[in-house]
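Each remark here refers to the structure printed beneath this line.
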Amino acid sequence: MLNDRSESPAQGAASSTLQTLRGEIDRVDDAILELIEQRLAASSAVAASKDAEGDGRLKLRPRREAEVIGRLAARSDAPRDLIAQVWRTLMSHGLQAQARTEIVVCAGRDRLSLYEMVRGRFGPAAPVRWVKDPAEAIEAARSGEAVAVISDHFAIDAGDDGLIVFDTIEEKDGKPVARCVGRVAPEDAIESHVSPRAIPRRAPWQPASWRQRPAAQMPVYPDAASLGRVEGRLAASDPLVDVHDIMLLRAQLAQVAAGRGFMLQGGDCAESFAEFGADKVRTTFNLLLRMGAMLQSGADIPIVHLARIAGQFAKPRSAATETVGEIILPSYRGDAVNGPDFTRASRTPDPKRLLEAHRQAEVTIELLDAFAAASYADLRRIHNEAGIQADVRPISMFTSHEALLLNYEQALARFDQATESWWATSGHLIWIGDRTRSLDGAHVEFARGVANPVGLKCGPSLDIDSLLRLIDVLDPQNQPGRLVLIGRFGAGAIADTLPEMMRATRREGRHAIWSIDPMHGNTRSVGAIKTRVISDIVTEITTFFEVARAEQVHPGGVHLEMTGEAVTECLGGSAALVEADLPRNYLTHCDPRLNAAQALDVAAAVRALLEGN
Ligand code: PEP
Ligand code: CO
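Going by this note's numbering, the residue at position 173 of the sequence shown is 174; the numbering climbs one at a time, nothing skipped.
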């Protein structure tokens, strides 16, 4: 009788096969061990001969390591990961046997995932140390046996002291996560482009490359064919603004960036089709000019005038839909998108509105040019008659708007042969709103590729890492006049938020201009009415100047929502508007604007701050 525990003949055969196989594995392990010993011996021999060559410090051979792993993986069916891990381990011990070499990591935020990737890249034998400051990691690589691994959150300045960016740590999908900096001979580096300043790599830019990315706040057009026709017509139209004028603005903003100028940007929250007319454009023009003259008298620096006009027809909204009773309709997103009336017909996004916005922008720009020419002629005549010698310069009134509707922006982007660049010809300066400034989003992607000056709204939710990454993407070459950071925090929040941001841009040697929008962080509700209080606006501007002074940053401009008309939308100021006044002449379709008197009050406050600067 066979008891339960005894083996059947078949089981006996299986266990002897198993034993044979185990014996086989043991033999292979012994052979591997011997080979490992041989490999270690050979690599110490290589190390000894490197020392004999006199350059004891060049121990890292990233290109050769990658080639070894690549060659082995190519000739084997074993998983590539396995081969990479085994040989990274061997190489890692080999390197440490030559000299203890630290991996000094500066991680930004995603410390844990970067840790795994660093281990994957440098193997288990390397001691890993964490530092907060990229400069500290670079210093370790410069002064000792170390590799600096620096998260792409930070720009890298490896200097020229024999250090180079020699490799990139990437995610599985190829997205760069960190750069490796060390003392590596250039021909041994994996990165072919050895730049002292490592900028996260992106696919090449095209006017349409934003379409590959998530686009926040864009309307959904039910009629795609109509949208296509509209895009075609816009693409065939003449540029709204001249590339030369955009370049002139860039040159003037470069002066602002150097502390020799101040930006005055202002106009409607949203332009509308219904309120359009030559008078309206003239009052905006005149108001900006008057305010500019006031600022000029307080500061001995040129004032750059920028109107929020000729393209400011689209608004980001906090909710995509609006509900009244039982009815849910798309939110009103500005006249370039849909109509304000709460009916389905009016609220359905209609691409033809882009053509109407474009036509209005065209006429507006013609009017602005005519007013500028007339003012120049007037001023010359007045000076001549009065015998005033001071030279009269032509007035430039530049246009600006939020580049929210990317179909429109793309259709108006033009390549200029002379500058070999793409330009947004929808306006001189375009900006990215606080709600569409996602680093990987469509709006940042579009703006990075055009050569215009670009504004970036910076609200309290923007963290320092993201700010620096956005600057890297939007202004990789750190060109004065390219980027305007427009803070909009609110009178209560600015003192907590702005100092660290300014410190970061200053520490990084960034030439981006800092300007302040004291409107969008200071909106309050009085019942169902949105309003803003002049004292909040002046407080935010004053704090902006104080922080800038403390951080040794040039306070480069103000950005206001205002109109030349006598509206009653904001409270306070010398007109002393109170809550009961609000309904009297509350016209805005969107945010509350300063009226002319209030705008001049704010200008007076800015003049005083410029005088004290
Ligand atoms: C605006 O400037 O009209 C605007 C919507 O601002 P933000 O993006 O800063 O909210
Ligand atoms: Co607004």
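Even glycine gets a Cβ: it sits at the ideal position worked out from N, Cα and C.
Taking the Cβ atom as the reference point for each residue, do residue i and residue j lie within a distance shorter than 8 Å?
i: G482; j: I517; result: no
i: A136; j: V105; result: no
i: A108; j: W88; result: no
i: L469; j: C459; result: no
i: G95; j: A142; result: no
i: N453; j: A425; result: yes
i: R573; j: S536; result: The amino acid occupying residue 573 in the given sequence is Gly; Arg does not appear at that position. Closer than 8 Å, so yes.
i: V554; j: W515; result: yes
i: A496; j: P461; result: no
i: D189; j: R81; result: no
i: G428; j: S401; result: yes
i: M398; j: L369; result: yes
i: V178; j: S144; result: no
i: V338; j: A315; result: yes
i: Q313; j: G267; result: no
i: N523; j: E552; result: no
i: P317; j: S227; result: no
i: A419; j: D476; result: no
i: K60; j: T102; result: yes
i: L235; j: Y409; result: yes
i: L356; j: V231; result: yes
i: L440; j: Q218; result: no
i: D592; j: E566; result: no
i: L296; j: V607; result: yes
Could you compute how far the alpha carbon of residue i sits from the alpha carbon of residue j?
i: R585; j: R449; result: 43 Å
i: G442; j: W432; result: 14 Å
i: I191; j: R40; result: 23 Å
i: T349; j: P220; result: 9 Å
i: N385; j: S376; result: 14 Å
i: D243; j: G229; result: 25 Å
i: Q253; j: G262; result: 8 Å
i: H306; j: L457; result: 18 Å
i: A255; j: V445; result: 21 Å
i: A147; j: A32; result: 33 Å
i: L265; j: P341; result: 30 Å
i: K173; j: R23; result: 35 Å
i: V119; j: I139; result: 16 Å
i: P519; j: I472; result: 22 Å
i: I157; j: I310; result: 38 Å
i: L36; j: R122; result: 23 Å
i: A414; j: Q361; result: 18 Å
i: E570; j: Q478; result: 42 Å
i: E127; j: A100; result: Here residue 127 turns out to be Ala, not Glu, going by the sequence shown. Near 10 Å, if we compare the C-alpha coordinates of A100 and A127.
i: V539; j: L578; result: 16 Å
i: A75; j: L113; result: 31 Å
i: R507; j: R550; result: 12 Å
i: R382; j: S238; result: 37 Å
So what's residue i in DSSP terms, helix, strand or just coil?
i: I396; result: coil
i: I366; result: helix
i: F314; result: coil
i: S152; result: strand
i: Q266; result: strand
i: M292; result: helix
i: E568; result: Going by the sequence as given, residue 568 is Val instead of Glu. Three-state result, V568: coil.
i: R145; result: It should be noted that the sequence gives Gly, not Arg, for residue 145. Three-state DSSP puts G145 in coil, outside helix and strand.
i: A14; result: helix
i: K60; result: coil
i: E172; result: coil
i: K51; result: helix
i: T322; result: strand
i: I37; result: helix
i: P205; result: coil
i: I26; result: helix
i: R594; result: coil
i: V603; result: helix
i: A217; result: coil
Validate contact between the stretch 541 to 556 and the stretch 601 to 613 using beta carbons, cut 8 Å, 3 pairs: Here the stretch 541 to 556 lies against the stretch 601 to 613, with 3 or more beta-carbon pairs under 8 Å apart.
contact_flag[the stretch 327 to 336, the stretch 204 to 213] where n(CB pairs < 8 Å) is 3 or more: Short answer: they don't touch.
Segments of 4+ residues assigned as alpha helix (DSSP H) that fall wholly inside the stretch 384 to 433: Taking only runs of at least 4 residues, the alpha helix (DSSP H) segments lying wholly in the stretch 384 to 433 are 407 to 412.
Meets three-Cβ-pair contact criterion under 8 Å: the stretch 498 to 511 and the stretch 520 to 534: As far as the Cβ criterion goes, the stretch 498 to 511 does not touch the stretch 520 to 534, which means the pair count is below three.
Cβ contact (3+ pairs, closer than 8 Å) linking the stretch 322 to 329 and the stretch 295 to 306: With the cut-off at 8 Å, the stretch 322 to 329 and the stretch 295 to 306 do not touch.
Every unbroken beta strand (DSSP E) within the stretch 429 to 493, with a cutoff of 3 residues, ordered by chain: Whole beta strand (DSSP E) segments, 3+ residues: 430 to 433, 455 to 459 and 484 to 488.
Touching by the beta-carbon criterion (3+ pairs, under 8 Å), the stretch 353 to 369 and the stretch 288 to 303: The stretch 353 to 369 is not in contact with the stretch 288 to 303.
Three-pair Cβ contact test at 8 Å for the stretch 280 to 299 versus the stretch 592 to 610: Output reads yes: the stretch 592 to 610 touches the stretch 280 to 299.
Uninterrupted beta strand (DSSP E) stretches inside the stretch 61 to 138 (no shorter than 3 residues): With a minimum length of 3 residues, the unbroken runs of beta strand (DSSP E) contained wholly in the stretch 61 to 138 fall at 103 to 107 and 129 to 132.
Ranges of the beta strand (DSSP E) found wholly within the stretch 502 to 558, counting only runs of at least 3: Contiguous beta strand (DSSP E) elements confined to the stretch 502 to 558 occur at 514 to 517, 525 to 527 and 530 to 532, taking only those with 3 or more residues.
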